[in-house]
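So the sequence shown is numbered by our numbering: it starts at 46 and just counts up by one. Even for Gly, the Cβ is constructed at its ideal location relative to N, Cα and C. Structure record follows, encoded as structure tokens.
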Amino acid sequence: MIELYLVRHGETEENVAQIMQGHLPGHLTTRGKTQVAALREQLVQSGTSFDVLLASDLQRTLETAAILNEAFQLPLIPCPLLRERDWGSATGISLTEAQALKGNFPADTESIGALYIRATQFLRYLFEHHDNQRVLAVGHGLFNRCILATLACQNIRDIPRMHNAEVRSVTLDRLPAHLLSDEDEIATD
Numbered sequence: 046m047i048e049l050y051l052v053r054h055g056e057t058e059e060n061v062a063q064i065m066q067g068h069l070p071g072h073l074t075t076r077g078k079t080q081v082a083a084l085r086e087q088l089v090q091s092g093t094s095f096d097v098l099l100a101s102d103l104q105r106t107l108e109t110a111a112i113l114n115e116a117f118q119l120p121l122i123p124c125p126l127l128r129e130r131d132w133g134s135a136t137g138i139s140l141t142e143a144q145a146l147k148g149n150f151p152a153d154t155e156s157i158g159a160l161y162i163r164a165t166q167f168l169r170y171l172f173e174h175h176d177n178q179r180v181l182a183v184g185h186g187l188f189n190r191c192i193l194a195t196l197a198c199q200n201i202r203d204i205p206r207m208h209n210a211e212v213r214s215v216t217l218d219r220l221p222a223h224l225l226s227d228e229d230e231i232a233t234d
């Protein structure tokens, strides 16, 4: 059994500028650091303890993890599987420009299908390396939602958006049957 706590990083300068961050490192704002410190205190007050801390290897998530870890003193494992969607050549454009594309992103953008495959790889990784542990995983809004959608066999659009420094938890008794196959074909409509 795994208790997975998915955290979205704190507010970044890029969030404030309303740009598509993707694989940009990102830098937490003062507000973002305050958000993460408040989440840390919330977790401490809840009495929740963790066995391991995973974080996307991008700066904004590593910085978020470091602030959280001030209370938990856990080994921090950078995990590239937790990275946000790669927007390819659309990385760095404004949200307004992205909306004008109406879903027609450049060909070098990571597909939704590829996101589901990566979410499945992350869940398999958890069961291979962190079974019977309480895992604190710091990631990104869209990719965290993709993990939850993969578990529930749902569309990402059906999973509510995550706010900065928000945590969502799920208990996994075992890897869901629809993720046991070695085939990486997952419904993505």
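Roughly how many whole angstroms lie between the Cα atoms of residue i and residue j?
{"i": "Met65", "j": "Ala194", "result": "21 Å"}
{"i": "Leu196", "j": "Pro221", "result": "7 Å"}
{"i": "Arg163", "j": "Asn60", "result": "24 Å"}
{"i": "Leu127", "j": "Ser101", "result": "5 Å"}
{"i": "Trp132", "j": "Ile201", "result": "16 Å"}
{"i": "Gln178", "j": "Leu168", "result": "13 Å"}
{"i": "Leu49", "j": "Glu155", "result": "25 Å"}
{"i": "Ala159", "j": "Thr79", "result": "33 Å"}
{"i": "Ala83", "j": "Ala210", "result": "9 Å"}
{"i": "Ala116", "j": "Ala152", "result": "42 Å"}
{"i": "Arg213", "j": "Leu51", "result": "5 Å"}
{"i": "Leu119", "j": "Val97", "result": "6 Å"}
{"i": "Ile112", "j": "Arg53", "result": "13 Å"}
Go ahead and label residue i buried or exposed: buried means 16 or more other beta carbons lie within 10 angstroms of its beta carbon, across all protein chains shown.
{"i": "Gly148", "result": "exposed"}
Take residue i as the anchor and find which of the options has the nearest alpha-carbon.
{"i": "Leu99", "options": "Ala222, Ala182, His208, Ile192", "result": "Ala182"}
{"i": "Glu58", "options": "Glu129, Ser134, Thr75", "result": "Thr75"}
{"i": "Thr216", "options": "Val180, Arg206, Ile204", "result": "Val180"}
{"i": "Gly71", "options": "Glu115, Thr136, Ala116, Met46", "result": "Thr136"}
{"i": "Gly184", "options": "Ala62, His223, Pro205, Pro123", "result": "Pro123"}
In this structure, does DSSP put residue i in helix, strand or coil?
{"i": "Leu51", "result": "strand"}
{"i": "Gly184", "result": "strand"}
{"i": "His223", "result": "helix"}
{"i": "Thr216", "result": "strand"}
{"i": "Asp234", "result": "With a pLDDT of 35 at Asp234, under the threshold of 50, the modelled position of this residue cannot be trusted; read the value that follows with caution. Asp234: coil per DSSP, three-state reduction."}
{"i": "Thr57", "result": "strand"}
{"i": "Ala152", "result": "coil"}
{"i": "Leu119", "result": "coil"}
{"i": "Ile162", "result": "helix"}
{"i": "Ser139", "result": "strand"}
{"i": "Leu126", "result": "helix"}
Answer with yes or no whether the minimum CB distance from residue i to chain C is below 9 Å.
{"i": "Glu48", "result": "In the structure shown, chain C cannot be found, because there is only a single protein chain."}
Touching by the beta-carbon criterion (3+ pairs, under 8 Å), the stretch 94-113 and the stretch 139-156: no
Touching by the beta-carbon criterion (3+ pairs, under 8 Å), the stretch 85-95 and the stretch 165-175: no
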